[in-house]
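Undergrad:
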């Protein structure tokens, strides 16, 4: 059984990689990073560093660019300085059907090899803004992948009911290498500190009473 | 509501295109052809001709090559001259998770635009050899796409319980432009006449009591 971990190089997926390794210490793990036209492709370098740190195979798959998102469209700005508690509806940073596209891409390479599990780091904080981060989607995708593959692959998202702070608390307890990760949607170094994902990350560290090792250009008051 | 038809340029998907047009005459239809490293990319030209004939938008998406199939791996031959009645298990021409990959790719472009339906021409004769052509998979993929997209897209496969001969009979009654289609897995012109898909096509024409307008280099006795 091979474990394929969708690795962006951010906080959630890096914690997931360590979680999977801890739960399946004897089985091969492969990290897969997807390129889909995202502006913050800087995460690819973080993913590479994280995979190297954990000693797992790492591969990158280039999908056709996905349009229709602030994360990918040149004429749409990444939102900055928004109040995370005031957000409603589907997020401007939702990327159309991204998680299904990722799962399908990994299912294709995994099913050519043998039995396997596809792991995603989606979590509860993303429920409202991202339809493809909800438990119902994960369950449906698992069913579609199981039925549509020769080796009846599975899809798992162990953090789907956790908050980002829950993920971070687990990770801090287990010494996850957060100093190697990068999260900013702007794709800048230092991280902008103002986009939704920088804010969510900073808030999770604050809730966990820890200091984020990442450098930030600014932080929203 | 936009209708996205997965169009290979073969018999099944060309019939589907006409079927969708007949059932949704007032709504926009877009044909999408997927490149995934198939040896028979000659079908792309057929798909283009079919789409032009029907006056629908046509686009091609290039996915990362999918390995693990006789249709894509350079070191595996396309089976020829097999007895279609004797086949068992997953087909050597099964392409790992191909239909889920196709559906996800189209879901990404469709969900960026608005409500839509993704149509596939899978049918009953493919049940045994292709896990991603079965009704259970189609239902699960529909659920995953609906739950994982902003516009709650749908997946439909109206021929899923039909035989290839059923599809052909419907198409002959409705003057589908079969002279524009091409099916051969070898990707040759004239078609080889010996691969599984050439044989299945010739058999469907024989069962329907009609003559295939396609030229063949040989036919299996």
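Protein chains in written order, with our numbering: chain A, 14 to 234; chain B, 14 to 234.
Cβ coordinates follow ideal geometry from the N, Cα and C atoms, glycine included.
So which residues on chain A does residue 121/B lean against when the C-beta distance must stay under 9 Å?
TA: Under the 9 Å cutoff, chain A gives 49, 76, 77, 79, 80, 81, 108, 109, 110, 111, 113 and 114.
Undergrad: For a contact meaning CB atoms closer than 9 Å, what does residue 129/B contact in chain A?
TA: Neighbours of residue 129/B on chain A: none; closest Cβ ~11 Å, over 9 Å.
Undergrad: In whole angstroms, what separates the C-alpha of residue 20/A from that of residue 30/A?
TA: Approximately 8 Å, taken between the alpha carbons.
Undergrad: Out of 51/A, 180/A and 167/A, state which residue places its alpha-carbon closest to the alpha-carbon of residue 124/A.
TA: Minimum Cα distance to residue 124/A is reached at 167/A.
Undergrad: Would you say residue 161/A faces chain B, with C-beta separation under 8 Å as the test?
TA: Yes, its Cβ sits closer than 8 Å to a Cβ of chain B.
Undergrad: In chain A, which residues lie less than 8 Å from residue 54/B when you measure between Cβ atoms?
TA: Under the 8 Å cutoff, chain A gives no residues; its nearest Cβ is about 16 Å from residue 54/B.
Undergrad: Taking Cβ-Cβ distances below 7 Å as the criterion, which residues of the stretch 174–204 of chain B are in contact with chain A?
TA: Answer in chain order: no residues at all.
Undergrad: What does DSSP give as the partner residue(s) for residue 43/A in the beta ladder?
TA: Residue 43/A pairs with 17/A and 70/A.
Undergrad: Listing by chain order, which chain B residues have their CB less than 8 Å from the CB of residue 156/A?
TA: Chain B residues near residue 156/A: 153, 156 and 157.
Undergrad: Considering only the alpha carbon of each residue, which of 119/B, 70/B, 185/B and 213/B lies closest to residue 154/B?
TA: That would be 119/B, whose Cα lies nearest to the Cα of residue 154/B.
Undergrad: Interface residues of chain A around residue 134/B at Cβ under 8 Å?
TA: Residues of chain A passing the Cβ test: none, with the nearest at roughly 16 Å.
Undergrad: Assuming residue 216/A is part of the alpha helix (DSSP H), what are its boundary residues?
TA: Its alpha helix (DSSP H) spans residues 209–220.
Undergrad: Looking at residue 80/B: is its Cβ nearer than 8 Å to the Cβ of residue 88/B?
TA: Going by C-beta atoms, residue 80/B is not nearer than 8 Å to residue 88/B.
Undergrad: On the CB-based measure, 16 or more other CB atoms within 10 Å of its CB, does residue 14/B come out buried or exposed?
TA: By the neighbour-count rule (16 or more Cβ atoms within 10 Å), residue 14/B is not buried but exposed.
Undergrad: Per DSSP, what kind of secondary structure is residue 75/A in: helix, strand or coil?
TA: Reduced to three states, the DSSP call for residue 75/A is strand.
Undergrad: In this structure, does DSSP put residue 149/B in helix, strand or coil?
TA: Of the three classes helix, strand and coil, the one that applies to residue 149/B here is helix, per DSSP.
Undergrad: Can you tell me which of 193/B, 200/B, 143/B and 59/B puts its alpha carbon nearest to the alpha carbon of residue 103/B?
TA: If we check each option's Cα against that of residue 103/B, 143/B comes out closest.
Undergrad: Given residue 164/B, which residues of its chain have a CB within under 6 Å of its CB, disregarding the five upstream and five downstream residues?
TA: Contacts found: 124, 127 and 128.
Undergrad: Per DSSP, residue 167/B forms a beta bridge with which residues?
TA: In DSSP, residue 167/B forms a bridge with 130/B.
Undergrad: Quick check on this structure: which residue in 223/B, 230/B, 186/B and 177/B has the alpha carbon closest to the alpha carbon of residue 25/B?
TA: If we check each option's Cα against that of residue 25/B, 177/B comes out closest.
Undergrad: If you compare alpha carbons, which of 75/A, 77/A, 45/A and 82/A is closest to residue 64/A?
TA: Nearest option by C-alpha distance: 45/A.
Undergrad: Per the DSSP calculation, residue 229/B is bridged to which residue(s)?
TA: 204/B.
Undergrad: Does residue 34/A come out as helix, strand or coil in the three-state DSSP assignment?
TA: Helix.
Undergrad: Start and end of the alpha helix (DSSP H) containing residue 172/B?
TA: Unbroken run through residue 172/B: none, as it is neither H nor E.
Undergrad: Indicate whether at least one CB of chain A lies closer than 8 Å to the CB of residue 149/B.
TA: Yes, residue 149/B counts as interfacial toward chain A.
Undergrad: Short of 8 Å in beta carbon distance, which residues of its chain neighbour residue 43/A, apart from the five on each side in sequence? Order them along the chain.
TA: If we look at residue 43/A and ignore the five residues flanking it on each side, its Cβ neighbours are 15, 16, 17, 18, 69, 70, 71 and 72.
Undergrad: Check this for me: beta carbons of residue 113/A and residue 76/A, under 8 Å apart or not?
TA: No, they are not a contact pair.
Undergrad: To which residues does DSSP link residue 97/A through a beta bridge?
TA: For residue 97/A, which the question treats as bridged, DSSP gives no partner whatsoever.
Undergrad: List the whole-angstrom C-beta distance separating residue 241/A from residue 62/A, where the pair is believed to meet the contact cut-off of C-beta under 8 Å.
TA: Within the shown structure, residues of chain A are numbered from 14 to 234, placing residue 241/A beyond reach of any answer.
Undergrad: Within its chain, find whatever has a CB closer than 6 Å to the CB of residue 139/A; leave out the 5 residues flanking it on each side and keep chain order.
TA: Within the same chain, residue 139/A has close Cβ partners 146.
Undergrad: If you drop the 5 nearest sequence neighbours on each side, which residues of the same chain put their C-beta closer than 8 Å to that of residue 90/B?
TA: 83, listed in sequence order.
Undergrad: What separation, rounded to the nearest whole angstrom, lies between the Cα atoms of residue 223/B and residue 210/B?
TA: So the alpha carbons of these two residues sit roughly 17 Å apart.
Undergrad: The stretch 90–108 of chain B: which residues have C-beta closer than 7 Å to a C-beta of chain A, in chain order?
TA: Answer in chain order: 103 and 107.
Undergrad: Would you mind sorting residue 121/A into buried or exposed? The rule is 16 or more other CB atoms within 10 Å of its CB.
TA: So residue 121/A counts as buried.
Undergrad: Measuring CA to CA, which of 56/A, 101/A and 52/A is closest to residue 78/A?
TA: Taking only the C-alpha atoms, the option nearest residue 78/A is 52/A.
Undergrad: Whose CA, out of 171/B, 105/B, 108/B and 110/B, lies closest to the CA of residue 130/B?
TA: For the residues 171/B, 105/B, 108/B and 110/B, the minimum Cα distance to residue 130/B belongs to 171/B.
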